[in-house]
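Undergrad: Quick one: this structure, given as structure tokens, is what I'll be asking you about.
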Amino acid sequence: MLNDPYGRKFKTLRVSLLNTCNLNCFYCTMGSEEEINYDHRPQKPAAFFSQIISRLHATLDLETIRLTGGEPLLYRELPELIESLNEIGIPKISMTSNGYLLGRQAAALKAAGLQAINVSLDAVDEPSFYKMAKRRHLDRVLNGIETALGLGIEIKLNAVIMKGMNEEQIIPLVDYAFGKNIPIRFLEVMSMGHLHHESDKYLFSQQQLLDQIATKYDFKRLPRKASATANYWQTADGNTFGIIANNSEPFCSDCSRLRLDAEGNMYGCLSSNHPIALDAEDSDYLLQEKLQQAMSQKQLHHFIGSELSMLQIGG
Ligand code: SAM
């Protein structure tokens with residue numbers, strides 16, 4: 458049994474299917490207007506991921522798998538991969554996406570067995586959306602959300618709030634989420650990639666987020682669930698919102714996440730992320746050793762971050 462002196466286990470696997478993205482979000486790419494997120498390497502086939510994931514599931518008895526990237530909706534064999542993950546028997550199959558291509562793909566993904574999507578939505582007005590993502594047509598994302606909801610796919614919203622970039626979007630995002638009855642979580646910016654040494658400049662802290670939301674809503678804090686990434690609050694009207702406070706309240710001590718990148722490398726932590734190359738042919742003994750190595754990457758208290766952007770390691 459894979460163990461950690463602090464009782465942590467790997468129960469959630471995040472898989473980055475590709476490093477290519479169709480948005481240029483400021484936190485990943487410094488908001489370049491050029492197409493800099495295109496990875497020219499061929500995408501690994503669905504069989505490559507499903508073989509490795511099947512080995513990991515046999516050892517770890519995973520509870521959740523989250524497909525991400527880059528942008529997972531750009532992965533060509535996405536429905537086929539989701540089908541094969543269902544056959545492997547992983548209880549919950551979810552995805553993190555910018556939602557830009559969701560409208561046309563949601564039905565096929567639902568049919569393949571996708572249960573839930575975390576849509577990254579940092580703004581609900583067009584100019585702010587452009588400022589954060591350097592793309593027009595926020596309406597594509599909003600329509601994608603509607604389509605997915607209509608199909609019965611569970612949707613949550615994730616919004617990164619950055620000082621000087623989109624803090625005026627906090628109340629509009631809360632209003633949008635409450636109006637549609639969709640859970641929303643705000644993220645403090647993390648010191649990843651080009652922000653590794655200057656995330657403080659953009660940090661909009663948990664307390665600042667709460668102060669801002671309090672200008673319109675009354676709320677009280679809910680008890681934190683084990684291994685949860687977010688802290689939650691409930692408003693007087695019964696709506697809830699969360700904050701993923703990587704900086705103000707790091708949640709490393711009960712983190713249950715394992716990451717796999719688009720090349721088949723494993724990481725136990727975002728901060729200490731030396732790639733551990735996996736091969737579906739690894740012996741059970743070797744796989745166990747590699748998992749132990751990934752477990753030893755886990756930090757206990759502080760989120761340190763890394764030079765790698767989430768685009769590469771998988772957000
Ligand atoms: N393209 C997909 C999407 O937009 O959801 C999946 C990958 S993207 C890297 C996933 C998410 O990681 C982003 O939307 C954002 O919420 C988060 N992210 C990336 N870099 C971040 C940073 N430096 N700080 C906080 N969140 C970040």
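So for the sequence shown, this note's numbering puts the first residue at 458; every next one is plus one.
For each residue, glycine too, the CB sits at the ideal point set by N, CA and C.
Can you check which of these residues, G650, V472 and D657, is closest to L535 by C-alpha distance?
TA: For L535, the nearest C-alpha among the options comes from V472.
Undergrad: To the nearest angstrom, report how far apart G488 and F505 are at their CA atoms.
TA: Distance between the alpha carbons of G488 and F505 is about 32 angstroms.
Undergrad: Please report the straight-line C-alpha distance between K501 and A719, rounded to a whole angstrom.
TA: So the alpha carbons of these two residues sit roughly 7 angstroms apart.
Undergrad: Please classify K678 as buried or exposed, where buried requires at least 16 neighbouring CB atoms within 10 angstroms.
TA: The question names Lys, but residue 678 in the sequence shown is Arg. Exposed: under 16 other Cβ atoms inside 10 Å.
Undergrad: Report yes or no: do three or more beta-carbon pairs, one from the stretch 529-545 and one from the stretch 585-600, lie closer than 8 angstroms?
TA: In short, these stretches do not touch, since the Cβ pair count stays below three.
Undergrad: Considering only their Cβ atoms, is the gap separating A687 from D711 smaller than 7 angstroms?
TA: Cβ atoms of D711 and A687: not closer than 7 angstroms.
Undergrad: Taking just the CA atoms, how far does P462 sit from A565?
TA: Going from the Cα of A565 to the Cα of P462 covers about 43 angstroms.
Undergrad: DSSP puts M723 in a beta bridge; with which residues?
TA: DSSP lists L717 and I733 as partners of M723.
Undergrad: In its own chain, which residues sit with a C-beta less than 8 angstroms from the C-beta of A685, not counting the 5 before and 5 after it?
TA: Cβ within range, chain order: F708.
Undergrad: If I measure Cβ to Cβ from I545 and keep anything under 7 angstroms in the same chain, skipping five residues before and after, which residues do I get?
TA: For I545, where only same-chain residues beyond five positions count, the Cβ hits under 7 angstroms are S507, I510, S511 and H514.
Undergrad: Could you give the DSSP three-state label for G488: helix, strand or coil?
TA: Three-state result, G488: coil.
Undergrad: Any heavy atom of the ligand SAM inside 6 angstroms of the beta-carbon of L470?
TA: Answer for L470: no, Cβ out of range of the ligand SAM.
Undergrad: Do L578 and L614 have their CB atoms nearer than 7 angstroms?
TA: Yes, they are a contact pair.
Undergrad: Using 8 angstroms for Cβ pairs, my map puts S729 next to Q691. What's the rounded Cβ distance?
TA: Incorrect: roughly 35 angstroms between the Cβ atoms, too far for contact.
Undergrad: Below 8 angstroms on the Cβ atoms is my guess for M589 versus F698; work out the distance and round it to an integer in Å.
TA: Between F698 and M589 the Cβ distance is about 19 angstroms, and since that is not below 8 angstroms, they are no contact.
Undergrad: For M767, is the beta carbon positioned less than 6 angstroms from some heavy atom of the ligand SAM?
TA: Within the cutoff, so yes.
Undergrad: Which stretch, first to last residue, makes up the alpha helix (DSSP H) that contains R512?
TA: Element bounds for R512: A503 to L517.
Undergrad: Quick check on I761: does DSSP put it in helix, strand or coil?
TA: It is coil, neither helix nor strand.
Undergrad: Here's the rule: buried if 16 or more other CB atoms are within 10 angstroms of the residue's CB, otherwise exposed. What is K567?
TA: Result: buried.
Undergrad: Exposed or buried, what is A503 when buried is set at 16 or more other beta-carbons lying within 10 Å of its beta-carbon?
TA: It counts as buried.
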